[in-house]
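Converting from the sequence shown to the numbering used here requires adding 863 to each position, the first position being numbered 1.
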Amino acid sequence: MLKTGSLVTLLLLGLISYQAYAERVSFRPYVIDIPTTPEDNQFLEYISQFSKSYTSTSEFNLRKEIFKRNLRLINMYKSSNYKMGLNFFADFTPGEIFARLKYADHKTQAKSDTEDQPKLEKPLDIPQSVNWVQLGAVSAVKDQGQCGANWAYAAASAIESAYYVMYRDKLTELSAQQLIDCVPQTAGNGCGTVQSIDDVVSYLKLNDMEKESDYQTQAKSGDACNYDKNKRAVKIYQPPLYPTANSQSALMKAIVEGPVLAEINADIPFIFYQSGIIDADDCTTSHIHPVLVVGYGVEGNITYYLVKNSWGQTWGEKGYARIAAKGDGPGVCGIQNRLTFFIADNSDS
């Protein structure tokens, strides 16, 4: 049996070891935190995994309490079809999370019966599954970081995929940074202003897009627009197509033709999504987030859409999510409600 003095020594050694770990993962020597619950230990593991850094003891303690609340919220959600988990947002307040969703619902609805507008083919038979990632039409998942310009990342992804579908050639990655810096309405603050796909389309009526390699993404607002028309690579037909809203069949027909930009209601099930098929019916409509729908399929008895996000590859299923397709209507998290289908071409044509 340990003597009292030996037990005290072991406890002190344990606290010293914990303190050393807390100092290392927080990158600040003055952070003092003694674990009292499993959640405290989970928090230290979390800030190590996601390379979090706090500037003071008070911020460390604040983020820990926010983390605990989010952890409990995640544990409250129960679903047999999808799993929620910790990610980069776990030490953010709801207000901080939603402040990164700088997106406005688009208002334009193109008329599908205009003679000069290219039309989607309407296949009679819809295949059981489509996966444009496997077909080489989708670039790697990007991480918008602290930049709120989800609209720029979604639009660039949609247009580069549309260009690949047009030519079935090598995938050309396009610059989200160009849109962040150059869409006029951003006024030099592309990461901090609310924009819509309409704003992107208005800009691209007069300008083509550069490659990512020529106008590299920084995930922050640039000092100025550095668009070089001599390096233009891709243009879009005007206007884009807007498949029929609130229709599973219309969205699937569009996906057969190529990836589709969708504006979803990003609520807690989506923000902390980890794996499986989201089938939640309680998404709010106040926080719109654009994503790229890159396919659909069936798992078990659930038909789902495959969605590419812009929150890095540590989010969801390596940067992707699967959202249930449930017949007509807005769909799960509004995925069938607001759709944009770009048709892209070579800038030289």
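Heads up, the beta-carbon is just placed ideally off N, CA and C, and yes, glycines get one too.
Keep in mind the model is a prediction, meaning the values are calculated, not measured.
- Annotation for residue 1095: 1070, 1071, 1072, 1073 and 1210 place their beta carbon closer than 8 Å to its own, counting only its chain and skipping 5 residues before and after.
- When C-alpha distances from residue 945 are compared across 1134, 1081 and 1040, the shortest belongs to 1134.
- For the pair of segments examined, the region 1075-1094 was found not to touch the region 1159-1174: the number of CB pairs separated by less than 8 Å stays below three.
- DSSP, reduced to helix, strand and coil, places residue 1208 within a strand of the structure shown.
- Excluding its 5 nearest sequence neighbours in each direction, residue 1143 has C-beta neighbours in its own chain below 6 Å: 1132, listed in chain order.
- Rounded to whole angstroms, residue 1062 and residue 995 show a C-alpha spacing of 26 Å.
- By the criterion of at least three beta-carbon pairs nearer than 8 Å, the region 1184-1204 is not in contact with the region 994-1012.
- Each of 1124, 1180 and 1118 was checked against the Cα of residue 991, and the nearest Cα belongs to 1118.
- Under DSSP, the beta-bridge partners assigned to residue 1097 are 1072 and 1209.
- Membership of residue 1151 in the beta strand (DSSP E) is indicated by the continuous run 1151-1162.
- Between the region 1121-1130 and the region 915-934, the count of C-beta pairs closer than 8 Å stays below three; the two stretches do not touch.
- Annotated as distal: residue 1022 and residue 1153, with beta-carbon spacing of 8 Å or more.
- Contact check for residue 1169 and residue 1185: beta-carbon distance about 6 Å, within the 8 Å limit, so the pair qualifies.
- Segment contact: the region 905-919 against the region 1100-1110, fewer than three CB-CB distances shorter than 8 Å; contact not assigned.
- In its chain, beyond the 5 residues on either side, 1020, 1023, 1034 and 1036 have a beta carbon closer than 7 Å to the beta carbon of residue 1002.
- Taking residue 1177 as the centre and dropping the five residues before and after it, the same chain places the C-beta of 913, 950 and 951 closer than 8 Å to its C-beta, in chain order.
- When the five nearest sequence neighbours on each side are left out, the beta carbons in the same chain lying within less than 6 Å of the beta carbon of residue 1113 are those of 1106 and 1107, in order along the chain.
- Our two residues, residue 1151 and residue 1136, have alpha carbons roughly 16 Å apart in a direct line.
- Contact check for residue 934 and residue 962: beta-carbon distance about 21 Å, past the 8 Å limit, so the pair fails to qualify.
- Per DSSP, the unbroken alpha helix (DSSP H) holding residue 935 starts and ends at 920-939.
- In the three-state scheme derived from DSSP, where H, G and I count as helix and E and B as strand, residue 1003 is classed as coil.
- Within the DSSP bridge table, the entry for residue 994 names 1158 as partners.
- For residue 1173, the closest alpha carbon among the candidates 905, 964 and 1045 is that of 964.
- Counting along the chain, the unbroken beta strand (DSSP E) around residue 1139 starts and ends at 1136-1141.
- In the three-state DSSP reduction, residue 1046 falls in the coil class, being neither helix nor strand.
- According to DSSP, residue pairing for residue 1170 in a beta bridge involves 1156 and 1184.
- Distance from residue 1125 to residue 1157 at the Cβ level is roughly 10 Å; contact not present, criterion being Cβ atoms closer than 8 Å.
- Annotation for residue 988: no residue places its beta carbon closer than 7 Å to its own, counting only its chain and skipping 5 residues before and after.
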